[in-house]
Amino acid sequence: MSDTAVSGPKAPAARSFFSALQLDTRLLGMIGAFIVLCLVFNFVTDGRFLTPRNIFNLSIQTVSVAIMATGMVFVIVTRNIDLSVGSLLATCSAMMAMTQTIVTPEWLGLGLNHPATAPIAMAVGLATGLVIGIFNGWMIGYLGIPAFIVTLGGLLVWRNVAWYVTNGQTIGPLDENFQLFGGINGTLGATASWVVGGLAVLAAFYVLWQSRRAKIKHEFPVKPVWAEFVIGAIITVAILGFVAILNSYEIPGPRLERMFEANDETMPAGYTAAYGLPVSVLLLIAVAVVMTLIAQRTRLGRYIFATGGNPDAAELSGINTRFLTVKVFAIMGVLCAISAIVASSRQTFHSNDIGTLDELRVIAAAVIGGTALSGGIGTIYGAILGALIMQSLQSGMAMVGVDAPLQNIVVGIVLVVAVLVDIIYRKRTGD
0 MSDTAVSGPK
10 APAARSFFSA
20 LQLDTRLLGM
30 IGAFIVLCLV
40 FNFVTDGRFL
50 TPRNIFNLSI
60 QTVSVAIMAT
70 GMVFVIVTRN
80 IDLSVGSLLA
90 TCSAMMAMTQ
100 TIVTPEWLGL
110 GLNHPATAPI
120 AMAVGLATGL
130 VIGIFNGWMI
140 GYLGIPAFIV
150 TLGGLLVWRN
160 VAWYVTNGQT
170 IGPLDENFQL
180 FGGINGTLGA
190 TASWVVGGLA
200 VLAAFYVLWQ
210 SRRAKIKHEF
220 PVKPVWAEFV
230 IGAIITVAIL
240 GFVAILNSYE
250 IPGPRLERMF
260 EANDETMPAG
270 YTAAYGLPVS
280 VLLLIAVAVV
290 MTLIAQRTRL
300 GRYIFATGGN
310 PDAAELSGIN
320 TRFLTVKVFA
330 IMGVLCAISA
340 IVASSRQTFH
350 SNDIGTLDEL
360 RVIAAAVIGG
370 TALSGGIGTI
380 YGAILGALIM
390 QSLQSGMAMV
400 GVDAPLQNIV
410 VGIVLVVAVL
420 VDIIYRKRTG
430 D
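Following numbering that gives the first Met the number 0, the numbering of the sequence shown begins with 0 at its first residue and continues without gaps.
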């Protein structure tokens, strides 16, 4: 009797605690799966998986796919698909590489590391992605060609356009300023990373406060104040913990010496420095914030999800679904160009195989992150978490020594299981 009396109130109390936080149960499940995955790989690799060095590498390896996955959310939400993103990335990368090595030095008379070289190359890459994205959207929206066919053709066309642009050659090295967006060649250092982390925490609390004010203003139910602080504390620990881990990864001594020698200086005895936050990760965060604002706070975002939920009703309500399709694929094209900047600058050169199979990784990241293939449902943060899970899975298997074919088999199985779990979850919750 005493056991029953003690355990009885605890279960409702626990349920009321989590219900007061109003957390997304699916998101919690994904985070839990990611944590378990990391712990398992850390165990089988004798603690090498969760080292600062590997977490740093994992973060920069995830960025390129994660950026494109945020755009794939919009594409899939509108009941379309884009199989050409990897090839489009390659074309944008080829155009930027040729701009840096041929156009700016020979046509414009600018040196490889001239301050204007990287911005010009990026502008060319973004314009290329935008134009191709608009073209894809026009064929799908106005000509009525299925997105599967258009982008399947694009997968073949743009991969080989990239080959012809470079004559099948590897192009490099790329501009030093351009390489800042690749990861290890562009980091903030310890001090600036702590500053950015602190600003991110303040921004998170500001968003929570504004969201609470808006709900009160419109007489919507709000969380208890203590629940808001608990969520704020969780966010603070996550942000500052991530910064602390990256700041604990120190630049190797020989690399530091070369950095000092490049400035005609002598490195002080015992000097150490940390990499800190990579610029590419900050770029991903900026993309995530912008895409989330578009999804949740703009008319375009509302139209995207309304069209995906019911295309016929959306068209009858006055939404120009054809032009909307053009906009969605234009956004996808620009994000492919941004990913091309990250991917090619991380390699420090353009290669013919850049972006190969990225279309599958991007789609898998979006789907694992909760984007419904039936349309109308998807989140930006879910797609990024899906990309992180995918990359962690591949990196962990590589560290264990799993062969590449078996890695692909495992990733394929995980994708199918993730879709099955999503279907079961939506049936039970009625979404």
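Yeah, the Cβ is synthetic: ideal placement off N, Cα and C, and Gly gets one too.
What three-state label does DSSP hand residue i in the structure shown?
| i | result |
| --- | --- |
| Thr116 | helix |
| Gly188 | strand |
| Ile293 | helix |
| Ile170 | strand |
| Asp421 | helix |
| Met389 | helix |
| Gln406 | helix |
| Phe322 | helix |
| Asn176 | coil |
| Phe48 | coil |
| Ser92 | helix |
| Asp464 | Lying outside 0 to 430, the shown extent of the chain, residue 464 is not represented and no answer is given. |
| Ala268 | coil |
| Ala371 | coil |
| Ser86 | helix |
| Ile144 | coil |
| Gly182 | coil |
| Leu22 | coil |
| Ile59 | helix |
| Ser316 | coil |
| Asp81 | coil |
| Leu111 | coil |
| Leu356 | coil |
| Thr436 | Examination of residue 436 is not possible in this model, given that the chain is present from 0 through 430 alone. |
| Gly300 | helix |
| Ala10 | With a pLDDT of only 47 at Ala10, under the threshold of 50, the placement of this residue in the model should not be trusted; the figure read from the coordinates follows. If DSSP states are grouped into helix, strand and coil, Ala10 belongs with the helices. |
Taking DSSP's pairing of strands, which residues face residue i in a bridge?
| i | result |
| --- | --- |
| Leu249 | The question names Leu, yet the displayed sequence has Glu at residue 249. Answer is Ala273, bridged to Glu249. |
| His349 | Ile170 |
Using a Cβ-Cβ cut-off of 8 Å (strictly less than) and excluding sequence neighbours within five positions of residue i, which residues of its own chain qualify?
| i | result |
| --- | --- |
| Arg257 | none |
| Arg212 | none |
| Leu36 | Ile388, Ser391, Leu392, Gly395 |
| Ala312 | Ala305 |
| Gly136 | Thr324, Val325, Lys326, Val327, Phe328, Ala329 |
| Thr69 | Val286, Ala287, Met290, Leu334, Ile379, Ala382, Ile383 |
Suppose the cutoff is 7 Å on Cβ atoms and the five residues either side in sequence are ignored; what does the same chain contact list for residue i look like?
| i | result |
| --- | --- |
| Ile144 | Met138 |
| Met266 | Leu255, Glu256, Phe259 |
| Ala342 | Ser63, Leu88, Ser92, Ile353, Gly354 |
| Val491 | As shown, the chain starts at 0 and ends at 430. That puts residue 491 outside it, with no answer to give. |
| Gln99 | Leu111, Thr116, Ala120, Leu173, Asp174, Phe177 |
| Arg108 | Reading the sequence as shown, one finds Gly at residue 108 and not Arg. Closer than 7 Å at Cβ, skipping near neighbours: no residue. |
| Trp162 | Asn351 |
I'd like the list of long-range same chain contacts for residue i, defined as Cβ closer than 6 Å, with 5 residues on each side in sequence excluded.
| i | result |
| --- | --- |
| Arg158 | Ser86, Ala89 |
| Pro307 | At residue 307 the sequence reads Gly, which differs from the Pro that was named. Closer than 6 Å at Cβ, skipping near neighbours: Val76, Thr77, Arg78, Gly374, Gly375. |
| Pro8 | A caution first: Pro8 carries a pLDDT of 47, below 50, which makes its placement in the model too unreliable to give a value. |
| Thr150 | Asp81, Leu82, Ser83 |
| Arg298 | none |
| Ala126 | none |
| Ser247 | Pro51 |
| Ala4 | Unreliable positioning characterises Ala4 in this predicted model, as indicated by a pLDDT of 44, which lies under 50. The coordinate reading is nonetheless provided below. Closer than 6 Å at the Cβ level, and outside the excluded window around Ala4, lies no residue. |
| Ile234 | Ala203 |
| Ile244 | Pro51, Ile54 |
| Gly196 | Ile238, Leu239, Val242 |
| Gly377 | Val72, Val76, Thr370 |
| Ile148 | none |
Buried or exposed: residue i, going by 16 or more other Cβ atoms within 10 Å of its Cβ?
| i | result |
| --- | --- |
| Thr61 | buried |
| His349 | buried |
| Val123 | buried |
| Ala288 | The sequence shown places Val at residue 288, not Ala. It is exposed - the Cβ of Val288 has fewer than 16 other Cβ atoms within 10 Å. |
| Pro277 | buried |
| Asp402 | exposed |
| Phe328 | buried |
| Ala261 | exposed |
| Val224 | exposed |
| Gln295 | exposed |
| Gly411 | exposed |
| Tyr205 | exposed |
| Asn166 | exposed |
| Val242 | buried |
| Lys216 | exposed |
| Asp2 | Any reading at Asp2 must be qualified, since the residue scores a pLDDT of 45, below 50, and its modelled position is unreliable; no value is offered. |
| Leu323 | buried |
| Val280 | buried |
| Ser6 | Only weak support exists for where Ser6 lies, its pLDDT of 44 falling under 50; the coordinates are left without a value. |
For chain C, is any of its Cβ atoms less than 8 Å away from the one on residue i?
| i | result |
| --- | --- |
| Gly124 | In the structure shown, chain C does not exist; there is a single protein chain. |
* Asked: Considering only residues of the segment 206-260, which uninterrupted beta strand (DSSP E) runs meet the minimum length of 3 residues and lie entirely inside it, listed in chain order?
  -> none
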